[in-house]
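**Q** Residues 330 to 576 in this note's numbering are what the sequence shown lists, from first letter to last.
Ideal Cβ placement from N, Cα and C applies to all residues, glycine included.
Remember, it's a predicted structure, so these values are computed and weren't measured experimentally.
One structure is given below, represented as structure tokens, and several questions about it will come after.
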Amino acid sequence: MSREEDIISIVSQKKKIEVNQLSELLNVSKVTVRKDLDKLEARGIIHRQHGYALLNNSDDINYRLAHNYDLKRKIALEAAKIVDDGEIVMIESGSTCALLAEELAFNRNEITIITNSCFIASYIRKAESVKVILLGGEYQKESQVNVGPLVKKVVSEFYVDKLFVGIDGFDEKRGFTGSDITRCDTTRTLATAAKQTIVLTDSSKFTQNGVISEFGFDEVSKVFTDSGIPEDSAAFLKEKQIEVSAV
């Protein structure tokens, strides 16, 4: 684990911590910690405030990115293995999806990413070899994602092999669930432009139940998650012919 990842993990646990304390915990100089925090703040993950490092608003995607960061990064790295150089993929908004986009943008060659996430487009903007196609629509400020009928109009022009999505919950009767009706509707629209829909989520979502039904089990081909997924949930997905990869 890198020092930056250590910082994200510590701040995620503490919510707010003094820079001096971070320096002591990591056994590095305050100057080094401040440089690391500058980089993380530039990426929108950590917020600086009067000698403290803290997480962003819990509704903000930057906060969700920092929460369970280590697990999400492992999931993203595993999912990236099924994407080849030169491939065109579609990635929906979400924290684990953002980490997948980062891995593809910086460690693959000539990747094209189609996304409705302004956050993802900005997050990987410094990658030289990636091409980003940003789908326009109604802008949701907290999640930094474009949704609504304009996305529907544009997405009909595309077709890709893989769509990667995040979820907010899981229900054996209703399928994979979300918390925002407009975003769920937009994500379902994106799925019409892809051969297969692939879910990226940390295992905590399998003990949560979103308000909106997003995808039925017959609409998802693979799930990338972590080893904390409940055994009964993993067995249920496999019965539904959904491939489960747990890191």
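1. Do Leu529 and Cys447 have their beta-carbon atoms positioned less than 7 Å apart in this structure?
2. Any idea which residues DSSP pairs Ile571 with across the strands?
3. Count the other C-beta atoms from every protein chain shown that fall within 10 angstroms of the C-beta of Lys460, then say buried if there are 16 or more, exposed otherwise.
4. On the DSSP bridge list, what partners appear for Thr444?
5. Ser422 and Asn445 look like a contact to me (Cβ under 8 Å); what is the Cβ gap, rounded to whole Å?
6. Between the stretch 340-359 and the stretch 376-385, do at least 3 Cβ pairs fall closer than 8 Å?
7. Would the beta-carbon of Ile411 fall within 7 Å of that of Ile442?
8. My output table needs one value for Ala523: the three-state DSSP class, helix, strand or coil.
9. Are the stretch 531-545 and the stretch 497-506 touching, with three or more C-beta to C-beta distances below 8 Å?
10. Under 7 Å, do Ala575 and Asp561 count as touching if we go by C-beta distance?
11. Spatial neighbours of Ser532 within its chain, please: CB distance less than 6 Å, with the 5 preceding and 5 following residues excluded, ordered by chain position.
12. Look at the alpha carbon of Lys455 and the alpha carbon of Glu432, and state the distance between them as a whole number of angstroms.
13. Would you grab the beta carbon distance between Glu548 and Thr526 for me? Rounded to a whole angstrom, and I think it's under 8 Å.
14. Once the 5 residues before and after Glu334 are set aside, which same chain residues still bring their CB inside 8 Å of it?
15. Excluding the 5 residues flanking Glu457 on each side, which residues of the same chain have their C-beta closer than 8 Å to its C-beta?
16. Pick out whichever of Leu429, Val476, Ile571 has its Cα sitting closest to the Cα of Thr518.
**A** On the basis of the coordinates in this document:
1. no
2. BP columns for Ile571 are empty, so no partner.
3. exposed
4. Ile420, Leu463
5. That pair is a contact at about 6 Å.
6. yes
7. no
8. strand
9. yes
10. no
11. Residues Thr554, Asp555, Gly557, Ile558 of the same chain have their beta carbon placed closer than 6 Å to that of Ser532, with the five preceding and five following residues left out of the count.
12. 12 Å
13. 6 Å
14. Tyr398, Asp399, Arg402
15. Taken in chain order, the list of residues that qualify is empty.
16. Val476
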